[in-house]
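Below: the structure, in structure tokens.
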Amino acid sequence: MTCREGESEHKSKPGRYKCKGCGAVSKQKDHLCKPKQIKKTAKK
Ligand SMILES: [Zn+2]
Numbered sequence: 183m184t185c186r187e188g189e190s191e192h193k194s195k196p197g198r199y200k201c202k203g204c205g206a207v208s209k210q211k212d213h214l215c216k217p218k219q220i221k222k223t224a225k226k
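Going letter by letter, the sequence shown gives residues 183 to 226 in the working numbering.
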């Protein structure tokens, strides 16, 4: 399983996944080495 190595496939949005290792964003968590779901940010 390879990670995107910092290259985001998608824009960072709530419900998508961000790699804790390299910071890449993807809709599919299996594209990332350490996926973490992006939460909605309530505060502005
Ligand atoms: Zn990664």
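Ideal placement from N, C-alpha and C gives every residue a C-beta, glycine not left out.
Ligand 1 heavy atom lying under 7 Å from the CB of residue i
| i | result |
| --- | --- |
| Glu-187 | yes |
| Ala-242 | The structure shown does not extend to residue 242, since the chain spans only 183 to 226, so no value can be given for it. |
| Lys-218 | no |
In DSSP terms, what residue i is bridged to
| i | result |
| --- | --- |
| Ser-208 | Tyr-199 |
| Lys-218 | Lys-200 |
For residue i, the nearest candidate out of the options (CA to CA)
| i | options | result |
| --- | --- | --- |
| Tyr-199 | Lys-209, Ser-190, Glu-191 | Lys-209 |
| Lys-195 | Val-207, Glu-187, Leu-214, Pro-217 | Val-207 |
| Lys-222 | Gly-197, Gly-188, Gly-203 | Gly-197 |
| Cys-185 | His-192, Lys-193, Cys-201 | Cys-201 |
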